[in-house]
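K.L.:
In my numbering, the protein residues as written are 146 to 407.
1. Could one say the Cβ of residue 324 lies closer than 8 Å to chain B's Cβ atoms, at least one of them?
2. For residue 146, does the three-state DSSP call read helix, strand or coil?
3. Taking buried to mean at least 16 other C-beta atoms within 10 Å of its own C-beta, is residue 305 buried or exposed?
4. I'd like the span of the beta strand (DSSP E) that includes residue 318, first residue to last.
5. Given residue 399, which residues of its chain have a CB within under 7 Å of its CB, disregarding the five upstream and five downstream residues?
6. Look at the alpha carbon of residue 164 and the alpha carbon of residue 382, and state the distance between them as a whole number of angstroms.
7. Let's see if you can read the secondary structure: which residues bound the beta strand (DSSP E) around residue 374?
8. Using the C-alpha atoms, what's the distance from residue 335 back to residue 231?
9. Whole angstroms is fine: what's the gap from residue 323's alpha carbon to residue 202's?
10. Starting from residue 364, trace the alpha helix (DSSP H) both ways and give me its first and last residue.
11. As a quick exercise: from 370, 198, 158, pick the residue whose alpha carbon is nearest that of residue 188.
12. If you draw a straight line from the C-alpha of residue 361 to the C-alpha of residue 329, how long is it?
13. Kindly indicate the opening and closing residues of the alpha helix (DSSP H) around residue 248.
14. Less than 8 Å between the CB atoms is what I'm expecting for residue 241 and residue 284, so what's the real figure, rounded?
15. Based on DSSP bridge pairs, tell me the residues matched to residue 282.
16. May I have the straight-line CA-CA distance separating residue 253 from residue 295, to the nearest angstrom?
17. Rounded to the nearest angstrom, what separates residue 357 and residue 208 at their Cα positions?
18. According to DSSP, what are the bridge partners of residue 339?
19. Out of 234, 402, 156, state which residue places its alpha-carbon closest to the alpha-carbon of residue 368.
20. Could you give the residue range of the beta strand (DSSP E) that holds residue 153?
21. Since I believe residue 267 is in contact with residue 212 (beta carbons under 8 Å), could you give me their beta-carbon distance rounded to a whole number of angstroms?
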């Protein structure tokens, strides 16, 4: 059975109308946007009026809330996670991306095995809170320029396996995979763990403007029966001007792969 892929974009709700006009099916805002300091009922009303659904969220944990190292405060982390996931759920969120390089980066000189256990402990706590809301968490591998831990899909899967909770899954980001020269076939090898995908193009610019191997990448995803969503996370030169072409490129490439035309 063919999967009608949903393409979305990582942006704030202030860009929802532009995203909808361009053809995106959803937007992926930040969890931090739900902690803007405004009365939360005002934030909820803004999300309700946005015009596009917000099933996925990123920028989960602020950099000042450390997950690894000697300054971890699990009680503070748990309070933040519980409040955040409740807010995500209340505005229609179903999945939260755990990238949060600033929070998870291992301090210089800190024991890596201890830090790895801290990541496991954190995600096991997150899973308990996520299970209360039905939200899934996806571990996002980041390239080594952005994080010194969890730099590949395989490493993300190893962490998810260690956590061993159904709500903890893994994300594949084409940009980070290309930066790390990670084999595209890793999405096939780790397909059972894959719950979300991010894409960009060369230089982290808009899809269709560079040389990333989209047909091959989409072919691997399609071969696994991937039924999650795909969100663009890139640096836009002009969102309003570029968005429509990016959606059209993604849709055409996916459809061509689906129809065996590439």
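All C-beta atoms, glycine included, are put in the ideal place defined by N, C-alpha and C.
P.N.:
If we stick to the structure as given:
1. This model lacks chain B altogether, as it is built from one protein chain only.
2. Here the question's residue 146 lines up with position 1 in the chain shown. In this prediction, residue 146 has a pLDDT of 47, which is less than 50 and means its spatial position is unreliable; what the coordinates show is noted afterwards. Three-state result, residue 146: coil.
3. Along the chain shown, one-based indexing puts residue 305 at 160. With 16 or more other Cβ atoms within 10 Å, it is buried.
4. Stepping through the chain shown from its first residue, residue 318 is reached at position 173. First-last of the beta strand (DSSP E) with residue 318: 313 to 318.
5. On the chain shown, position 254 is the one that residue 399 refers to. These residues qualify, in order along the chain: 150, 363.
6. The residue given as residue 164 occupies position 19 in the chain shown. The residue given as residue 382 occupies position 237 in the chain shown. Whole-angstrom Cα-Cα distance: 15 Å.
7. Your numbering for residue 374 matches position 229 in the chain shown. Start and end: 374 to 377.
8. The residue labelled residue 231 in the question sits at position 86 within the chain shown. The residue labelled residue 335 in the question sits at position 190 within the chain shown. If I take the Cα positions, the gap works out to 29 Å.
9. Residue 323 sits at position 178 when you count from the first residue of the chain shown. Residue 202 sits at position 57 when you count from the first residue of the chain shown. Computed Cα separation, rounded: 23 Å.
10. By 1-based counting over the chain shown, the position of residue 364 is 219. Element bounds for residue 364: 359 to 368.
11. What you label residue 188 is simply residue 43 of the chain shown in a count that begins at 1. Considering only alpha carbons, the answer is 158.
12. As a first step, residue 361 is located in the chain shown; it is residue number 216 there, counting from the start. As a first step, residue 329 is located in the chain shown; it is residue number 184 there, counting from the start. For residue 361 and residue 329, the distance between alpha carbons rounds to 8 Å.
13. Residue numbering aside, residue 248 sits at position 103 when the chain shown is read from its first letter. It spans 246 to 249 - the alpha helix (DSSP H) in which residue 248 sits, taken as one unbroken run.
14. Taking the chain shown and counting its residues from 1, the one referred to as residue 241 is at position 96. Taking the chain shown and counting its residues from 1, the one referred to as residue 284 is at position 139. With a Cβ gap of about 11 Å, residue 241 and residue 284 do not count as contacting.
15. Indexing the chain shown from 1 puts residue 282 at position 137. Residue 282 is bridged to 241, 313.
16. For this step, residue 253 is matched to residue 108 along the chain shown. For this step, residue 295 is matched to residue 150 along the chain shown. About 16 Å.
17. Position 212 of the chain shown, counting from 1, holds the residue named residue 357. Position 63 of the chain shown, counting from 1, holds the residue named residue 208. Looking at the two C-alpha atoms, the distance is approximately 30 Å.
18. Numbered from 1 along the chain shown, position 194 holds the residue referred to as residue 339. Note: residue 339 sits in a beta bridge opposite 315.
19. Start at 1 with the first residue of the chain shown, and residue 368 comes out as number 223. Selected option, being the one with the closest Cα: 402.
20. Here residue 153 is taken as the residue at index 8 of the chain shown, counted from 1. From DSSP, the beta strand (DSSP E) with residue 153 extends over 152 to 154.
21. To locate residue 212, count along the chain shown from 1; it is residue 67. To locate residue 267, count along the chain shown from 1; it is residue 122. Rounded, the Cβ-Cβ distance is 5 Å, consistent with contact.
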